[in-house]
Amino acid sequence: MSSLFTRIRQGELPGHLLWDDGRCFAILTIKPIREGHLLVIPHQEVDHWDDLDTELNAHVFGVASLLSRTLRALFPCEKVGLMIAGLEVRHAHLHLIPITAISDLNFSLAQERDNDAQLATASRIRGALRDAGHSSVPES
Numbered sequence: 000m001s002s003l004f005t006r007i008r009q010g011e012l013p014g015h016l017l018w019d020d021g022r023c024f025a026i027l028t029i030k031p032i033r034e035g036h037l038l039v040i041p042h043q044e045v046d047h048w049d050d051l052d053t054e055l056n057a058h059v060f061g062v063a064s065l066l067s068r069t070l071r072a073l074f075p076c077e078k079v080g081l082m083i084a085g086l087e088v089r090h091a092h093l094h095l096i097p098i099t100a101i102s103d104l105n106f107s108l109a110q111e112r113d114n115d116a117q118l119a120t121a122s123r124i125r126g127a128l129r130d131a132g133h134s135s136v137p138e139s
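Numbered according to numbering that gives the first Met the number 0, the sequence shown spans residues 0 to 139.
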């Protein structure tokens, strides 16, 4: 059975797809710690990020770097934090979170946002990526 993330990417479950280049994709998390909190996920379903082959792992982190620069430009933050936990969904993924303090990297702060707010955030991110000339940005 496909993972929750794959089912979102394939349109079987609702979600906000931000990036899909055929090797990895990015979505907004349903319970963000802060606005702009997103996930970068390889298409390959593996539980542990360090089980990805070196080339795919480098690609995922490269996309995370590109998306991090986009988040820094769009959301007030000191840094974009990166976390790998993977305890809730057993499909390797990176959390990118705009932060102003180390205390922002706390999953107990995560709260569901209404769909309109998530849609607005996703539109801002996709728009910025398109404006920067990236072609791996889905329509919605």
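For glycine and all other residues, C-beta sits at the position ideal for the given N, C-alpha and C. All values reported here derive from a predicted model rather than from experimental measurement.
What are the uninterrupted segments assigned as beta strand (DSSP E) that are 3 or more residues long and contained completely in the stretch 63-135, given in chain order?
As far as the stretch 63-135 is concerned, its whole beta strand (DSSP E) runs of at least 3 residues are 78-82, 93-98.
State buried or exposed for phenylalanine 106, treating a residue as buried only when at least 16 other CB atoms are found within 10 Å of its CB.
Within the sequence shown, numbered from 1, the residue matching residue 106 stands at position 107. Flag for phenylalanine 106 reads exposed.
Nearest neighbour of isoleucine 98, chosen from Phe60, His58, Gly80, Pro13 [CA to CA]
Residue mapping note: residue 98 aligns to position 99 of the sequence shown, counting from 1. Isoleucine 98 has its Cα closest to that of Gly80, out of Phe60, His58, Gly80, Pro13.
Nearest-angstrom Cα distance between serine 139 and aspartate 50?
Reading the sequence shown from its first residue, position 140 is the one you call residue 139. Reading the sequence shown from its first residue, position 51 is the one you call residue 50. Their Cα atoms are separated by approximately 30 angstroms.
Is it right to say threonine 53 is buried, meaning 16 or more other beta carbons lie within 10 angstroms of its own, or is it exposed?
For the purposes of this step, residue 53 is taken as residue 54 along the sequence shown, with counting starting at 1. It is exposed - the Cβ of threonine 53 has fewer than 16 other Cβ atoms within 10 Å.
Suppose you measure from the CA of glycine 14 to the CA of valine 136; what does that come to, to the nearest Å?
Along the sequence shown, one-based indexing puts residue 14 at 15. Along the sequence shown, one-based indexing puts residue 136 at 137. So the alpha carbons of these two residues sit roughly 14 angstroms apart.
Among Ile40, Cys76, His133, His36, nearest to phenylalanine 60 - alpha-carbon criterion:
For the purposes of this step, residue 60 is taken as residue 61 along the sequence shown, with counting starting at 1. With respect to the C-alpha of phenylalanine 60, the residue from Ile40, Cys76, His133, His36 having the closest C-alpha is Ile40.
At the level of alpha carbons, what is the spacing between isoleucine 26 and leucine 17?
Residue numbering aside, residue 26 sits at position 27 when the sequence shown is read from its first letter. Residue numbering aside, residue 17 sits at position 18 when the sequence shown is read from its first letter. Rounded to the nearest angstrom, the gap between the Cα atoms of isoleucine 26 and leucine 17 is 5 angstroms.
8 angstroms Cβ cutoff met for histidine 36 and histidine 94
Residue 36 sits at position 37 when you count from the first residue of the sequence shown. Residue 94 sits at position 95 when you count from the first residue of the sequence shown. A contact, by the Cβ cut-off of 8 angstroms.
Please return the same chain residues whose Cβ sits closer than 7 angstroms to the Cβ of leucine 73, not counting the five positions on each side in sequence.
As a position in the sequence shown, residue 73 is number 74, starting the count at 1. If we look at leucine 73 and ignore the five residues flanking it on each side, its Cβ neighbours are Gly35, Arg123, Ile124, Ala127.
Serine 134 to histidine 92, Cα distance in whole Å?
For the purposes of this step, residue 134 is taken as the residue at position 135 of the sequence shown. For the purposes of this step, residue 92 is taken as the residue at position 93 of the sequence shown. Roughly 22 angstroms separates the two Cα atoms.
Drop a sphere of 10 angstroms on the beta-carbon of proline 31, count the other beta-carbons inside from all chains shown, and report buried for 16 or more, exposed for fewer.
Along the sequence shown, read from residue 1 onward, the residue named residue 31 stands at position 32. The residue is buried, with at least 16 neighbouring Cβ atoms inside 10 Å.
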